[in-house]
Amino acid sequence: MKRILCGVLAALLSFTAAATTLSPIQLLNPAGSTIGQAILSTGPSTPPVWGGVTLSSVTGTLAVANGGTGATTAANARTNLGAAATSGNLSQFAATTSAQLAGILSDETGTGAAVFAASPTFSGTAAFAGITATSGTVNGNVSLNYTSAATQRSINWTNSGSPRWFLQNDGATESGSNAGSNLILSRFSDAGSFISNPVTVNRASGLTTLTSLTVTGAITPSSTAGIVGTTTNDNANAGSVGEYATNSATSISMTSGTPATVTSLSLTAGDWDVSGAITYSPAASTTVSSIATGISTVAATLPANNTGAYNLLVLTFATGSAQVHGTQVVRVSVASTTTVYLVGSVTFGVSTLTANGFIRARRVR
Numbered sequence: 007m008k009r010i011l012c013g014v015l016a017a018l019l020s021f022t023a024a025a026t027t028l029s030p031i032q033l034l035n036p037a038g039s040t041i042g043q044a045i046l047s048t049g050p051s052t053p054p055v056w057g058g059v060t061l062s063s064v065t066g067t068l069a070v071a072n073g074g075t076g077a078t079t080a081a082n083a084r085t086n087l088g089a090a091a092t093s094g095n096l097s098q099f100a101a102t103t104s105a106q107l108a109g110i111l112s113d114e115t116g117t118g119a120a121v122f123a124a125s126p127t128f129s130g131t132a133a134f135a136g137i138t139a140t141s142g143t144v145n146g147n148v149s150l151n152y153t154s155a156a157t158q159r160s161i162n163w164t165n166s167g168s169p170r171w172f173l174q175n176d177g178a179t180e181s182g183s184n185a186g187s188n189l190i191l192s193r194f195s196d197a198g199s200f201i202s203n204p205v206t207v208n209r210a211s212g213l214t215t216l217t218s219l220t221v222t223g224a225i226t227p228s229s230t231a232g233i234v235g236t237t238t239n240d241n242a243n244a245g246s247v248g249e250y251a252t253n254s255a256t257s258i259s260m261t262s263g264t265p266a267t268v269t270s271l272s273l274t275a276g277d278w279d280v281s282g283a284i285t286y287s288p289a290a291s292t293t294v295s296s297i298a299t300g301i302s303t304v305a306a307t308l309p310a311n312n313t314g315a316y317n318l319l320v321l322t323f324a325t326g327s328a329q330v331h332g333t334q335v336v337r338v339s340v341a342s343t344t345t346v347y348l349v350g351s352v353t354f355g356v357s358t359l360t361a362n363g364f365i366r367a368r369r370v371r
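For what it's worth, my numbering labels the leading residue of the sequence shown as 7, then goes sequentially.
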């Protein structure tokens, strides 16, 4: 009987031990735990408890294949994972194109290949929609290209953005025989408004048109072609070489032997060739014995002898006959506006005499 009881007791103890060790997790009492906690061992002599699992309590390494880094240091982890080091440069990455880099940069402008240099060298053709340079030197050619002659391209000079000078093609259509696409230089006001084109160069003929020109050095034209004169019946502008001026008068009463101003002409500063002629008209019975006609800068005064400024005739003229007497061409060079006079002097008797006069001047330089 004792053996039977001992056997039953041993069986019960064995069952109890087995049940304690192999009880399903669903039969564990969750009282006192929170979400995310696990049963933690407190050692071989005390019961386990609910608690949180911290990484500091985890030791060993986790293979990359299992979602870890396979390393115990950050540097080795980056190496194992193929990650970039913050202390490294771009050489640790695969080759990257400018387009790929532009997709990452947030402050890029323009398109095309990137240039990383203070003084870059471009190979091939570099196209700019617009460029502003504070200074620089161009050692090669600069081409301003256009695909239509009606499109103008220019080199511009501006003052704080306000136009001053444009050197450009004129936008004239190219119609064959080198016509069109002429060159012009344009000037602008202080307000940036267009004033005029002082220089135009015709592409077909090479003819250069200037609105005005001041030359401080010598002008040496071809000895055979020279300077081409006007080809029509027009007049030179006032102040220009070739300017022409005239004046005349009629019925000026003369006193025998007394020089008189027959007519005059006001000349602006410059170098002039002046000449004139007087028609002496005596009454039917008037006798004339001498006539003198000259160009003078003093009113009613014949110029000095041997200056080439007057002509003199002394003889017995036909009674009552009119006489036309001219001067030589006289140089008059003045620094300011000056009046020149056509002066006549006639010696006559018996009756009266009047004079008609004409004076002309040509600016020669």
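Where is the CB? At the ideal position from N, CA and C, for every residue including glycine.
Using DSSP with H/G/I as helix, E/B as strand and the rest coil, what is N175?
Looking at N175 - three-state DSSP - the assignment turns out to be strand.
Simplified DSSP state of T230, which is helix, strand or coil
In the displayed model, T230 falls within coil according to three-state DSSP, outside both helix and strand.
Which of helix, strand or coil DSSP assigns to A328:
Reduced to three states, the DSSP call for A328 is coil.
Exposed or buried, what is A231 when buried is set at 16 or more other beta-carbons lying within 10 Å of its beta-carbon?
Counting C-beta atoms within 10 angstroms of its own C-beta, A231 has fewer than 16 neighbours from the protein chains shown and is therefore classed as exposed.
Could you give the distance in angstroms between the alpha-carbon of G235 and the alpha-carbon of V356?
Distance between the alpha carbons of G235 and V356: 52 Å.
Three-state secondary structure (DSSP) of N86
DSSP places N86 in helix when its eight states are reduced to three.
Collapsed DSSP secondary structure at A71 in the structure displayed
Note: A71 maps to helix in three-state DSSP.
Going by beta-carbon coordinates alone, are S281 and I301 separated by less than 8 Å?
Yes, these two residues count as a Cβ contact at 8 Å.
Would Q174 and S154 be called neighbours here (beta carbons separated by less than 8 Å)?
One thing to note: Q174 has its Cβ no nearer than 8 Å to the Cβ of S154.
Status (buried if at least 16 other CB within 10 Å, exposed otherwise) for T299:
Per the 10 Å Cβ criterion, buried.
Are the region 67 to 77 and the region 45 to 59 touching, with three or more C-beta to C-beta distances below 8 Å?
Judged by Cβ distances under 8 Å, the region 67 to 77 makes no contact with the region 45 to 59, as fewer than three pairs qualify.
DSSP state of A155, grouped into three classes?
In the three-state reduction of the DSSP assignment, A155 falls in the coil class, being assigned neither a helical nor a strand state.
From N151 to T157, what does the alpha carbon distance come to, in whole angstroms?
Each residue's alpha carbon lies about 9 Å from the other.
Only counting the same chain, and skipping five residues up and downstream in sequence, which positions put a Cβ closer than 7 Å to that of L319?
Once the five neighbours on either side are set aside, the close Cβ partners of L319 are S296, I297 and H331.
Please report the residue range of the beta strand (DSSP E) in which N312 lies.
N312 -> no beta strand (DSSP E), and no H or E assigned at all.
Quick one: what's got a C-beta closer than 8 Å to L85's C-beta in the same chain, skipping five residues either side?
According to the sequence as given, residue 85 is Thr; it is not Leu. Taken in chain order, the residues that qualify are A77.
Collapsed DSSP secondary structure at A80 in the structure displayed
In the structure shown, A80 falls within a helical segment according to DSSP collapsed to helix, strand and coil.
Distance, Cα to Cα, Q334 vs T222?
Whole-angstrom Cα-Cα distance: 33 Å.
As assigned by DSSP and simplified to three states, the class of L28
Bear in mind that the predicted position of L28 carries a pLDDT of just 48, short of 50, making it unreliable; the figure below should be weighed with that in mind. For L28, the secondary structure class from DSSP, reduced to helix, strand or coil, is helix.
Are T346 and V338 close, meaning C-beta to C-beta below 8 Å?
According to the sequence displayed, residue 346 carries Val and not Thr. Closer than 8 Å, so yes.
Candidates A341, N145, N208 and D176, of which the one nearest T184 by Cα:
First, the residue type needs correcting, since residue 184 is Asn and not Thr in the sequence shown. When each option's Cα is compared against that of N184, the closest is N208.
Under the assumption that L191 contacts W171 (Cβ atoms under 8 Å), give the Cβ distance between them as a whole number of angstroms.
Under the criterion of beta carbons closer than 8 Å, L191 and W171 qualify as touching, at roughly 7 Å.
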